[in-house]
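Peer 1: Pasting in a structure now, in structure tokens, and then I'll have a few things to ask.
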Amino acid sequence: WEFAKDGDELVFVDTIDTDSFRATLFLETDGRRFVTHYNKQAIRDYFLILHGDWISAIQEAKARGAAEGVAFTELLKAGQDSGVYPVTPAVDPAFVTIQQTKMDAIRDYLLGRISADSTRETLQKAGLDEIGFYRAAGKLEAFAKLNGI
């Protein structure tokens, strides 16, 4: 449930965001078939594939935090500051651009700005671009482990 303020009134609002839908496409390239995600699962996969050490550090800090009664973010930050945990990685700008293209296409379709056919074409291209991103990074097999069919 989400609420917003409209003047002096508190109103219930509904949102469409990357957690409000689960959209996927099956795409083929180079004789292989993959599931591509058009929601925040794509970002989850990005960090698992490219920054698994950081994900492991978060999991360790969460486990320690639960056992010690301390916020995991405090433990993570302290571990990062001391060099025990890797620093929070930035998302590659090329990957951000691919995700932005996906979100823009979905938004524009929902707002009636582009046709279903145009949306499909844009999303297919973005999905293939994402697969190409992992190929160029030398991580296609890791992507395939999560999303290969």
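Going left to right, the sequence shown walks through residues 173 to 321 as the working numbering numbers them. The beta carbon of each residue, even a glycine, is placed where N, CA and C say it ideally should be.
For a test of your reading of the model: does the CB of G304 fall under 7 Å from any non-hydrogen atom of the ligand MN? Yes or no.
Peer 2: Among the ligands in the structure shown, none appear at all, so the ligand MN cannot be discussed.
Peer 1: Please report the Cβ distance between F198 and I321, rounded to the nearest whole angstrom; I am assuming they are in contact, meaning their Cβ atoms lie under 8 Å.
Peer 2: By one-based count along the sequence shown, residue 198 stands at place 26. By one-based count along the sequence shown, residue 321 stands at place 149. That belief holds up - the Cβ atoms of F198 and I321 are roughly 7 Å apart, short of 8 Å.
Peer 1: In whole angstroms, what is the alpha-carbon distance linking G179 and M275?
Peer 2: For this step, residue 179 is matched to residue 7 along the sequence shown. For this step, residue 275 is matched to residue 103 along the sequence shown. Between G179 and M275, the C-alpha separation is close to 30 Å.
Peer 1: DSSP state of G224, grouped into three classes?
Peer 2: Here residue 224 corresponds to residue number 52 of the sequence shown, with the count starting at 1. Three-state DSSP puts G224 in a helix.
Peer 1: Since A214 and Q271 are thought to touch, with beta carbons under 8 Å apart, how far apart are those beta carbons, to the nearest angstrom?
Peer 2: Counting from one through the sequence shown, the residue named residue 214 turns up at place 42. Counting from one through the sequence shown, the residue named residue 271 turns up at place 99. That pair is a contact at about 6 Å.
Peer 1: At the level of alpha carbons, what is the spacing between F305 and K297?
Peer 2: One-based indexing of the sequence shown puts residue 305 at position 133. One-based indexing of the sequence shown puts residue 297 at position 125. Going by the C-alpha atoms only, they are around 12 Å apart.
Peer 1: Take the Cβ of T245 as the centre, count every other Cβ of all protein chains shown within 10 Å, and call the residue buried at 16 or more, exposed below.
Peer 2: Reading the sequence shown from its first residue, position 73 is the one you call residue 245. T245 should be labelled exposed.
Peer 1: On the CB-based measure, 16 or more other CB atoms within 10 Å of its CB, does G299 come out buried or exposed?
Peer 2: Here residue 299 refers to the residue found at position 127 of the sequence shown. It counts as buried.
Peer 1: With distances taken between CB atoms, is the gap from L220 to I230 smaller than 8 Å?
Peer 2: On the sequence shown, position 48 is the one that residue 220 refers to. On the sequence shown, position 58 is the one that residue 230 refers to. No, the Cβ-Cβ distance between L220 and I230 is not below 8 Å.
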